[in-house]
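Structure, as structure tokens:
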Amino acid sequence: MTQPLTITMHPGDNVAIVANDGGLPAGTVLTTGLLLRDKVPQGHKVALEDITADAPVRRYNVTIGHALKAIAAGSWVHERLLKLPAARELTGLPVATVRPAPQAPLEGFTFEGYRNADGSVGTRNIFAITTTVQCVAGVVDFAVQRIKAELLPRFPNVDDVVGLEHTYGCGVAIDAPGAEIPIRTLRNISLNPNFGGEVMVVSLGCEKLQPERLMPPGSFAIVDERSVAGRLEGGVQTAALDVVCLQAEQHVGFMSMVESILAQAEPHLVRLNARTRTAVPASELVVGVQCGGSDAFSGVTANPAVGFCTDLLVRAGATVMFSETTEVRDGIDQLTSRAANAEVANAMIREMAWYDAYLGRGQADRSANTTPGNKAGGLSNIVEKAMGSIVKSGSAPISGVLSPGEKLKPGQRGLIYAATPASDFICGTLQLAAGMNLHVFTTGRGTPYGLAACPVIKVATRSDLARRWHDLMDVNAGRIADGAASIEDVGWDLFRLMLDVASGRKKTWAEHWKLHNALVLFNPAPVT
Ligand code: CA
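Residue numbers (our numbering): 1 to 528.
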């Protein structure tokens, strides 16, 4: 049989994970001489020593649980043997105590992007139609199909047309605390760098979220000639919001609405089509990293490779956002230590406390995060999952924090914590609102995830998944577990692929197949 492969993350650990495809049978003798007492599935943990009842079980040099009964060396350590530790209190945390050694700037890397009037850079040239309310979704979808079929052939530089459809906008307590999150998310998505500053809104008319509330004067700049004639309000140049209102008296019949949308779309398409890609420094990348369908390899192969790439990007002056509050909550002490200053550390604590309270209102806690697939993949609980998730953030100091739905401020760069739920679709939606122009997504169990607004590079944690999903996974980090590549090799491969994808020279598999998930707004406020 093949050589037994186990991976230990830290010398202080008393468990390792089995790397072999299909796991290892009972009776296997490991290279250390340890005899396996049980069959251990791939990605699952084996006890490296006898662990007494109540003793800590350690992985990543962190206590991931306490043994519910004595566990003999060589036994399979599964979630039913572990008691979840209590969440770390949010008081008395170390603040900005870790000062990572400054790394040499990484210079000379560029990509071909679309420079926007506000200074941001797009990686795609997409016309987006904003909607105020779900009621208009069917009409917008109909109009988008016609724009693609009838108008887009005349505008070959425009990559795509998307309707920003969502379930918000009416039937909601729009003034309740928390309602600002979905509203600013939608506003800021409309301003994503990949949409070129062209804002057009389709409204129903009677909805709670009126166009002027969604896009108030001064919240956006219009780059066409109308901005010259725009009003100066509070020193901010504004222009009339471009709205199609379906209930407007002028519309007689469905086709009138559709023709209006097509007519108003055309000037936006003309301007987008006139744009060209130009060489810009890699510092213009705004990368959102997240994971989904995680397994025990996520924290061993894909996420460390992404973390290495995160450090490369930060050295190149780019912006990298990591997120997923319930998956970093158990490592909050590591993160406040790495905060660039006390203000950043306090903002991290504020976001964790807000989320603890949010979960508490639903009588849940962070342990609600793990899925049956996580457990089948060897992740016993949220502490183990969190330790593997955090490594996506690399080693740079954390330079800023965004609340859910907030947008990066001009000039805000480096490693940013963008607070979001861990839900794949909600996290991706909120990172789009923050200004993401490229998304990196790691998966162990496998997910065909994609976004219409932004390229998504998917990284497989295991070679078995990369082989089976050869036309869905863009990068195979399983080579690390196979011993065929180092974390650094895969990190550099990912960095170069990102520049190719950002330049439009390569498409991701999700783009190739046109796979994308819905925008899912995070609404912590009541629905009426
Ligand atoms: Ca996720």
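Don't be surprised by glycine CBs; every beta carbon is placed ideally from N, CA and C.
Same chain, Cβ closer than 7 Å to residue 500, neighbours up to 5 away in sequence not counted: Same-chain partners within the cutoff: 506.
Looking only at its own chain, which residues have a Cβ that is under 8 Å from the Cβ of residue 233, when we skip the five neighbours before and after it? Because residue 233 sits at a pLDDT of 44, beneath the cut-off of 50, its placement in the model cannot be relied upon, and the point is left open.
Distance, residue 179 Cα to residue 394 Cα: Cα-Cα distance, rounded: 33 Å.
Rounded to whole angstroms, what's the CA-CA distance from residue 25 to residue 49? Just pull it up for me. Answer to the nearest angstrom: the Cα atoms are 18 Å apart.
Collect the residues with a C-beta less than 6 Å away from any heavy atom of ligand 1 and give them in sequence order along the chain. So the residues near ligand 1 by this Cβ test are 290, 291, 292, 324, 422, 424 and 427.
In terms of residue numbering, what span does the alpha helix (DSSP H) encompassing residue 64 cover? Element bounds for residue 64: not the alpha helix (DSSP H) but the beta strand (DSSP E), 62–67.
State yes or no: is the C-beta of residue 277 within less than 7 Å of the C-beta of residue 112? Annotated as proximal: residue 277 and residue 112, with beta-carbon spacing under 7 Å.
Assess contact between the stretch 85–96 and the stretch 474–485, defined as three or more Cβ pairs (one per stretch) separated by less than 8 Å. Is contact present? Taking 8 Å as the limit for Cβ pairs, the verdict is that the stretch 474–485 does not touch the stretch 85–96.
Short of 7 Å in beta carbon distance, which residues of its chain neighbour residue 347, apart from the five on each side in sequence? Order them along the chain. Around residue 347: 401.
Whole angstroms is fine: what's the gap from residue 297's alpha carbon to residue 406's? Rounded to the nearest whole angstrom, the C-alpha separation of residue 297 and residue 406 is 32 Å.
Which of helix, strand or coil does DSSP assign to residue 93? Coil at residue 93, not helix or strand.
Proximal residues to residue 61 (C-beta, below 7 Å), its chain only, five neighbours per side dropped: For residue 61, where only same-chain residues beyond five positions count, the Cβ hits under 7 Å are 10, 12 and 13.
Which residue spans inside the stretch 457–519 form an unbroken beta strand (DSSP E) run of at least 3? When DSSP assignments are scanned along the stretch 457–519, no uninterrupted stretch of beta strand (DSSP E) that is 3 or more residues long falls wholly within it.
Considering only the alpha carbon of each residue, which of 15, 102 and 521 lies closest to residue 311? Taking the Cα of residue 311 as reference, the smallest distance to any Cα among 15, 102 and 521 is reached at 102.
Taking 8 Å as the cut-off, does the stretch 256–263 touch the stretch 142–152 (at least 3 CB pairs, one atom from each stretch)? The answer is yes - the stretch 256–263 touches the stretch 142–152, with three or more Cβ pairs under 8 Å.
Ignore the nearest five residues each way along the sequence and tell me which others in residue 192's own chain have a CB closer than 7 Å to its CB. These residues qualify, in order along the chain: 432, 435 and 453.
Compare the beta carbon distance of residue 77 and residue 136 with 7 Å and say whether it is the shorter of the two. Cβ atoms of residue 77 and residue 136: not closer than 7 Å.
Which same chain residues end up closer than 7 Å to residue 269 when comparing Cβ atoms and leaving out the 5 residues on each side of it in sequence? Shown here for residue 269: same chain residues with a beta carbon closer than 7 Å to its own, the five before and five after excluded, namely 127, 151, 155 and 158 in chain order.
Please report how far the alpha carbon of residue 175 lies from the alpha carbon of residue 342, in whole angstroms. CA-to-CA, the gap between residue 175 and residue 342 works out to about 32 Å.
Cβ atoms of residue 114 and residue 275: under 7 Å apart, would you say? Yes, Cβ-Cβ distance for residue 275 and residue 114 is below 7 Å.
In three-state DSSP terms, what is residue 546? It is not possible to answer for residue 546, since the shown part of the chain is limited to 1 through 528.
Residue 317 beta carbon less than 7 Å from that of residue 367: Between residue 367 and residue 317, the CB-CB gap reaches or exceeds 7 Å.
Kindly indicate which three-state DSSP category residue 33 falls into: helix, strand or coil? It is coil, neither helix nor strand.
When you compare each of 290, 295, 345 and 481 to residue 457 by their alpha carbons, which one comes out closest? Residue 290 is the option with its Cα nearest to residue 457.
Using the DSSP secondary-structure output, state which residues sit across from residue 299 in a beta bridge. DSSP output for residue 299 lists no bridge partner at all.
Between the stretch 464–472 and the stretch 78–85, do at least 3 Cβ pairs fall closer than 8 Å? Contact fails: fewer than three Cβ-Cβ distances are below 8 Å.
With 16 as the cutoff for other CB atoms within 10 Å, does residue 363 come out buried or exposed? Counting Cβ neighbours within 10 Å, residue 363 comes out exposed, since fewer than 16 surround it.
By Cβ distance, which residues of its chain are closer than 7 Å to residue 373, with the 5 residues on each side in sequence left out? Excluding positions up to five away in sequence, the list reads 293 and 445.
Cα-Cα separation, residue 44 to residue 378: C-alpha separation (whole angstroms): 4 Å.
Apply the 10 Å Cβ neighbour rule to residue 29 and answer buried if 16 or more other Cβ atoms are within range, or exposed otherwise. By the 10 Å Cβ count, residue 29 comes out exposed.
Please classify residue 240: is it buried, with 16 or more other beta-carbons within 10 angstroms of its beta-carbon, or exposed? Counting Cβ neighbours within 10 Å, residue 240 comes out exposed, since fewer than 16 surround it.
Residues bridged to residue 200 [DSSP beta-bridge criterion]: Residue 200 is bridged by DSSP to 129 and 242.
Give the single residue among 306, 386 and 451 whose Cα lies nearest to the Cα of residue 461. The residue with the shortest Cα to Cα distance from residue 461 is 306.
Put residue 154 into one of helix, strand or coil per three-state DSSP. Helix at residue 154.
Could you tell me the distance, in whole angstroms, from the CA atom of residue 246 to the CA atom of residue 352? Rounded to the nearest angstrom, the two C-alpha atoms are 41 Å apart.
Beta-carbon separation of residue 302 and residue 110 under 7 Å? In this structure, residue 110 does not lie closer than 7 Å to residue 302 by Cβ.
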